[in-house]
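Residue numbers (the numbering used here): 850 to 1480. Glycine included, every Cβ here is placed at the ideal spot set by N, Cα and C. Predicted model, so just to flag it, every value in this text is computed and none were measured. Below you'll find the structure, written out as structure tokens, and then a few comments.
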């Protein structure tokens, strides 16, 4: 185990050192190259458009080109290695996945899809961990507490997913992939602009025979069978301009997945088979109005539902046994958002978010039905005074939760705020700093587990420095956070309140140098459960990545290294997951203006590692993709 930890730390040092050397060279010389966009525009940091180099919070951007090159299977794999982002997963694609932003609990991450907050389930799990990558145009990852902008649960940060949208003459597009573990993917779409209507429709299917997700040397009662995965999805978007200043639109989203898995539980037989089916659907209607040259207003109404069916040995639910249960959730939301430019150097945002959720479950462990209503009002301002930039945000959220046919529940009210300052030292350097407060309301399952559970309150601070010149953008951020009454799951299998803190350093770089495109990140942190005197489970104290690509004789060739230190597996045991590193190689070539061929060798050195104790991860694999994308 100690050897594995040393190897991981050495790997981290090996890739961070050359990355810093490249940065020092790039400062002296800037050369145009193909590949990554150095300073893209982002919207999540303040709810207004800003160049990445000007945002006061820590933000990562993953563009469509990055997604294509990565050829990864899931959103979690795509985000792995971004500064401040970790995840745990019980097996392969489609399995239970938890995001940890800035070391926070997985319930403290908010996901937006086209600006609309995504639904969570009864345990607060994000409903987009298996969001189809083929449908994504770009992803913005906002790290750190932004509850003052996005409300409940935005303590760790925000993952903002912007879906694909074709412009210009309507055209078809698509891709197909084949690879190891009998992986097969197909995706087709059609979209564009016809007069005053913009539309896009795409559908796809991913499936894999998979691998045995459990290590039978560690979990002796686990079934050693192969655990497969299949998903199907569709997205439809239609937007019509009804006047020079008004647009109306509708979005329809559907996805389903079917996952085989194992538990290895002591009370089960090794021949037991588990299957988890998930269905998600949502419909949104919206209107966007340019009121005048200073004021833009938008209103969005969304209805979404999820259905989980968890079966053991193919038996119908409800029935006796460990799982054999179903879970249902429905959500209705309304969001009114406004941006107003008071003067050229001063912009404001303000709005209201309304949400009504219902959850119910039936099974052998526990059954419940619960309703939750919330209202959030917010306002913010950004202002530029010569070399000084200021961002201030405030928000008030009110929650009411009630179990059906019961007096238990709770009312929660939270006032949160954020203040950020930036100072332009010269034409290259910007110094930044933010302080913020946040909160997280108990999830449905937490309330059902412990009627006395309290909401979590949070305070964080960070300071940073950004360097930007032509083909170089690099940033260093020091952060610290403290949570009082953090909501955690303890070794007595119930939710309790505790205190947690984290402090650390993030280093990121995006560089184009002598034909190379380089992305690197290193995160050093110390996430601790102070109340239980434990390192937080499945969080490494050090991790990072290095991605280098170059155009050579018409081919784009690249390599990506990821490394992470050791992690405590859970709050229940002292088991430690060893540190590890993996390497992937990828290549692509444009056949013509419409067709591109891609290939990837994943986990090239066939490293064995675990993201959760007892659960295997994919070994070496090779994958090929043929992509059609007319210009």
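Residues bridged to residue i [DSSP beta-bridge criterion]
i: residue 1259; result: 1250
i: residue 1286; result: 1308
i: residue 1368; result: 1359, 1396
i: residue 1425; result: 1417
i: residue 938; result: 946
i: residue 998; result: Its beta-bridge partners do not exist; DSSP assigns none.
i: residue 1090; result: 1096
i: residue 1432; result: 1410
i: residue 907; result: 992
i: residue 1026; result: 1034, 1474
i: residue 1231; result: 1196, 1240
i: residue 1156; result: 1128, 1177
i: residue 1456; result: None, per the DSSP bridge assignment.
i: residue 1438; result: 1404, 1446
Pick from the options that is closest to residue i, judged by C-alpha positions
i: residue 1044; options: 1090, 1310, 1277; result: 1090
i: residue 1393; options: 925, 933, 899; result: 933
i: residue 955; options: 1158, 1324, 938; result: 938
i: residue 1222; options: 1206, 1229, 1210, 1237; result: 1206
i: residue 1152; options: 1144, 1133, 1143; result: 1133
i: residue 989; options: 1444, 908, 1072, 1373; result: 908
i: residue 1337; options: 961, 968, 946, 972; result: 972
i: residue 1419; options: 1406, 1430, 1459, 1455; result: 1459
i: residue 1284; options: 996, 1219, 1112; result: 996
i: residue 1024; options: 1447, 1471, 1451; result: 1447
i: residue 897; options: 1122, 1027, 1112, 1197; result: 1197
Buried or exposed (CB count within 10 angstroms, at least 16 for buried), residue i
i: residue 1319; result: exposed
i: residue 871; result: The predicted model places residue 871 with a pLDDT of 36, which falls under 50 and marks its position as unreliable; any figure quoted below should be read in that light. Classification for residue 871: buried.
i: residue 1094; result: exposed
i: residue 1385; result: buried
i: residue 1480; result: exposed
i: residue 1461; result: buried
i: residue 1092; result: exposed
i: residue 1234; result: exposed
i: residue 1457; result: exposed
i: residue 1172; result: Since pLDDT at residue 1172 reaches only 49, below the 50 mark, its modelled position is unreliable, and no value is offered.
i: residue 1289; result: buried
i: residue 1465; result: buried
i: residue 957; result: buried
i: residue 1149; result: buried
i: residue 1423; result: exposed
i: residue 883; result: No answer about residue 883 holds up, because its pLDDT of 44 lies below 50 and its placement is not dependable.
i: residue 1355; result: buried
i: residue 994; result: buried
i: residue 1371; result: buried
i: residue 1066; result: exposed
i: residue 1086; result: buried
i: residue 950; result: buried
i: residue 1481; result: Any property of residue 1481 remains undetermined from this structure, which presents the chain solely from 850 to 1480.
i: residue 1032; result: buried
Endpoints, beta strand (DSSP E) assigned at residue i
i: residue 820; result: A query on residue 820 cannot be resolved here, the shown segment of the chain reaching from 850 to 1480 and no further.
i: residue 1101; result: 1095-1110
i: residue 951; result: Note, residue 951: premise wrong, no beta strand (DSSP E); not H, not E.
i: residue 1332; result: 1321-1338
i: residue 1188; result: 1174-1192
i: residue 1468; result: Element bounds for residue 1468: n/a, residue is neither H nor E.
i: residue 1048; result: 1046-1060
i: residue 1138; result: 1123-1139
i: residue 1449; result: 1444-1451
i: residue 1006; result: 1006-1012
i: residue 969; result: Segment: none, residue 969 is in no beta strand (DSSP E) and carries neither H nor E.
i: residue 958; result: 958-962
Extent of the continuous alpha helix (DSSP H) run through residue i
i: residue 1294; result: 1293-1298
i: residue 917; result: 913-919
i: residue 925; result: 924-928
Using 8 angstroms as the threshold, is the region 1332-1352 in touch with the region 1377-1391, meaning 3 or more CB pairs across them?
Touching, yes.
How about the region 1294-1304 and the region 911-926: do they share at least three Cβ pairs that are nearer than 8 angstroms?
Touching, no.
Quick test of the definition: if touching needs 3 or more C-beta pairs under 8 angstroms, does the region 1015-1022 touch the region 1039-1059?
With the cut-off at 8 angstroms, the region 1015-1022 and the region 1039-1059 touch.
Do the region 1437-1457 and the region 1410-1417 make contact, defined as three or more Cβ pairs closer than 8 angstroms?
Segments in contact, no.
Would you check if there are 3 or more beta carbon pairs closer than 8 angstroms linking the region 995-1015 to the region 1056-1064?
Touching, no.
Quick test of the definition: if touching needs 3 or more C-beta pairs under 8 angstroms, does the region 1096-1107 touch the region 1073-1083?
Counting Cβ pairs under 8 angstroms, three or more are found: they touch.
So does the region 1299-1308 actually touch the region 1271-1283, counting three or more Cβ pairs closer than 8 angstroms?
A contact between stretches requires three or more CB pairs, one per stretch, nearer than 8 angstroms, and the region 1299-1308 fails this requirement with the region 1271-1283.
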